[in-house]
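Worksheet: one structure, shown below.
Protein chains: 2
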Amino acid sequence: MRISELAGATGVPVHTLKYYLREGLLMPGEVTSRTTADYGTVHVERVRLVRALIEQGGIGIAGVHAVLGALAAPPRSRHEFLGAAQAALPLPGSSDPMTPEVDDLVHELGWAIETGCPPARALGAAIRSAREGGVPLGHDELLAYAVPMHEVALLDLAKVDEVAATGGPSAALRLVVIGNVLLDPVLIALRRVAQEAASAAREKA
Amino acid sequence: MRISELAGATGVPVHTLKYYLREGLLMPGEVTSRTTADYGTVHVERVRLVRALIEQGGIGIAGVHAVLGALAAPPRSRHEFLGAAQAALPLPGSSDPMTPEVDDLVHELGWAIETGCPPARALGAAIRSAREGGVPLGHDELLAYAVPMHEVALLDLAKVDEVAATGGPSAALRLVVIGNVLLDPVLIALRRVAQEAASAAREKA
Numbered sequence: 665m666r667i668s669e670l671a672g673a674t675g676v677p678v679h680t681l682k683y684y685l686r687e688g689l690l691m692p693g694e695v696t697s698r699t700t701a702d703y704g705t706v707h708v709e710r711v712r713l714v715r716a717l718i719e720q721g722g723i724g725i726a727g728v729h730a731v732l733g734a735l736a737a738p739p740r741s742r743h744e745f746l747g748a749a750q751a752a753l754p755l756p757g758s759s760d761p762m763t764p765e766v767d768d769l770v771h772e773l774g775w776a777i778e779t780g781c782p783p784a785r786a787l788g789a790a791i792r793s794a795r796e797g798g799v800p801l802g803h804d805e806l807l808a809y810a811v812p813m814h815e816v817a818l819l820d821l822a823k824v825d826e827v828a829a830t831g832g833p834s835a836a837l838r839l840v841v842i843g844n845v846l847l848d849p850v851l852i853a854l855r856r857v858a859q860e861a862a863s864a865a866r867e868k869a
Numbered sequence: 665m666r667i668s669e670l671a672g673a674t675g676v677p678v679h680t681l682k683y684y685l686r687e688g689l690l691m692p693g694e695v696t697s698r699t700t701a702d703y704g705t706v707h708v709e710r711v712r713l714v715r716a717l718i719e720q721g722g723i724g725i726a727g728v729h730a731v732l733g734a735l736a737a738p739p740r741s742r743h744e745f746l747g748a749a750q751a752a753l754p755l756p757g758s759s760d761p762m763t764p765e766v767d768d769l770v771h772e773l774g775w776a777i778e779t780g781c782p783p784a785r786a787l788g789a790a791i792r793s794a795r796e797g798g799v800p801l802g803h804d805e806l807l808a809y810a811v812p813m814h815e816v817a818l819l820d821l822a823k824v825d826e827v828a829a830t831g832g833p834s835a836a837l838r839l840v841v842i843g844n845v846l847l848d849p850v851l852i853a854l855r856r857v858a859q860e861a862a863s864a865a866r867e868k869a
């Protein structure tokens with residue numbers, strides 16, 4: 665298909681597609697004449713991925729490059745996938761110093777993670793910011809929130825196993841990277857909807 | 665204290681404090697001379713809140729204004745708080761059309777929310793984006809993820825009740841608004857840490 669048809673198929677305007685091409689986020693089509701090129705399904709999928717990462721995932725061009733780089737070089741084990749995914753898209757505060765509080769929390773939860781791994785540092789940074797913004801957040805509350813988020817993580821891993829079994833390691837890596845970025849907004853929206861539901865249920869009670 | 669001391673107390677540079685003042689995000693200090701003003705605890709708290717909203721919450725100046733506006737006019741019931749908080753900081757896609765899928769999901773979960781409320785629309789938008797980005801996300805998976813996020817919402821509301829009992833309605837509203845924005849990153853980081861933990865536990869098994 666021509667670039668105008670690629671725009672039609674993805675809903676992304678031609679000038680944005682040209683921008684993706686210039687930035688190396690979209691691979692060139694097969695050249696058919698001096699001014700035209702031919703695009704296929706692989707281009708449609710790539711455009712959708714890039715748009716989802718930028719618009720919903722809220723990551724910049726550098727972040728998209730990091731994700732695409734990670735997808736191009738899948739590691740061997742699922743545990744390495746996680747590391748690659750976390751490295752490709754570090755959360756804010758991932759290189760902050762590790763806080764003793766997070767160490768204690770993780771220990772108390774019985775979570776066997778590497779001390780000082782980037783998500784644990786990011787957790788410390790997020791806790792500090794929340795408190796500075798005026799959210800009272802004690803140790804018991806953090807423990808309480810950790811329980812449902814662990815359930816979420818188990819669902820995440822079950823899905824990765826399923827995809828690995830049918831689509832192989834590169835499909836599984838793709839899911840880990842993209843599932844982290846693109847499911848965050850789904851989880852956040854579920855939290856908000858559930859708040860409405862829980863609040864409505866109490867108003868009635 | 666002088667503006668330089670306010671900078672020292674909050675870790676926010678003087679030029680950024682002046683920017684907050686110009687944008688109306690920080691209330692003026694008490695004028696003490698033609699070029700100096702006096703700042704107090706209320707200014708320290710405001711600066712910390714604004715910084716947390718911008719840096720960790722990732723919201724722009726307009727979003728901060730909306731939050732501050734909502735905080736200045738607390739509604740009466742907790743259920744109204746939620747509406748005010750959601751309106752002050754709408755999630756992306758909050759005005760997209762309501763999808764029948766989200767209606768079904770909410771119905772199946774027994775969640776009594778208003779049809780077409782902004783978070784439900786945002787949920788539909790987030791689901792669409794995730795799928796477009798290549799995340800397989802079926803009805804059963806959404807139902808499964810909804811369960812832990814409902815537990816999170818119950819913890820959220822319990823905390824609001826607690827704060828309302830001790831600090832009154834305006835403290836409770838503050839918590840609803842700020843707690844939504846500033847706990848999202850904590851939850852996301854907990855999800856990533858829990859993935860590491862769950863993955864490490866399986867590698868060992």
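Protein chains in written order, with the numbering used here: chain A, 665 to 869; chain B, 665 to 869.
We treat Cβ as the ideally placed atom computed from N, Cα and C, and that holds for glycine.
Note that the structure is predicted; figures quoted are calculated from it, not measured.
| Check | Outcome |
| --- | --- |
| Heavy atom of the ligand ADP within 7 Å of residue 808(B) beta-carbon | Ligands in the displayed structure: none, and consequently the ligand ADP is not present. |
| Enclosing alpha helix (DSSP H) for residue 764(B) [first to last residue] | 764–773 |
| Candidates 731(B), 814(B) and 863(B): closest to residue 834(B) by CA position | 731(B) |
| Buried/exposed call for residue 822(A), threshold 16 Cβ in 10 Å | exposed |
| Beta-carbon proximity check, residue 746(A) vs residue 859(B), cutoff 8 Å | yes |
| Where the alpha helix (DSSP H) through residue 856(A) begins and ends | 803–868 |
| As assigned by DSSP and simplified to three states, the class of residue 719(B) | helix |
| Length of the line joining the Cα atoms of residue 813(A) and residue 791(A) | 15 Å |
| Sequence-distant residues of its chain with Cβ nearer than 8 Å to residue 682(A) (five each side left out) | 667 |
| Rounded distance between the beta-carbons of residue 782(B) and residue 764(B), thought under 8 Å | About 17 Å separates the two Cβ atoms, so there is no contact after all. |
| Extent of the continuous alpha helix (DSSP H) run through residue 787(B) | 782–796 |
| Residue 733(A) versus residue 828(A): straight-line alpha-carbon distance, rounded | 19 Å |
| Integer Cβ distance of residue 728(B) from residue 714(B), believed to fall under 8 Å | 6 Å |
| Within 9 Å of chain A by C-beta, residues of the region 837–851 of chain B in sequence order | 838, 839, 840, 842, 843, 844, 845, 846, 847, 848, 849, 850 and 851 |
| Reduced DSSP category for residue 671(A) - H, G, I as helix; E, B as strand; rest coil | helix |
| C-beta neighbour in chain B for residue 854(A), strict 8 Å | yes |
| The region 809–828 of chain A: positions lying closer than 8 Å to chain B by Cβ | 809, 810, 811, 812, 813, 814, 815, 816, 817, 818, 819, 820, 821, 823 and 827 |
| Contact the region 773–787 of chain A vs the region 764–777 of chain B: 3+ CB pairs below 8 Å | no |
| Per-residue burial, residue 830(A) [other beta carbons within 10 Å of its own, 16 or more giving buried] | exposed |
| Proximity test, Cβ basis, 8 Å: residue 791(A) and chain B | yes |
| Test item: CB-CB of residue 776(A) and residue 865(B) under 8 Å | yes |
| Sequence-distant residues of its chain with Cβ nearer than 8 Å to residue 759(B) (five each side left out) | 782 and 785 |
| At least three beta-carbon pairs within less than 8 Å, the region 670–690 of chain B to the region 798–807 of chain B | no |
| For residue 733(A), the first and last residue of its enclosing alpha helix (DSSP H) | 725–736 |
| Between the CA atoms of residue 680(A) and residue 680(B) - distance to the nearest angstrom | 34 Å |
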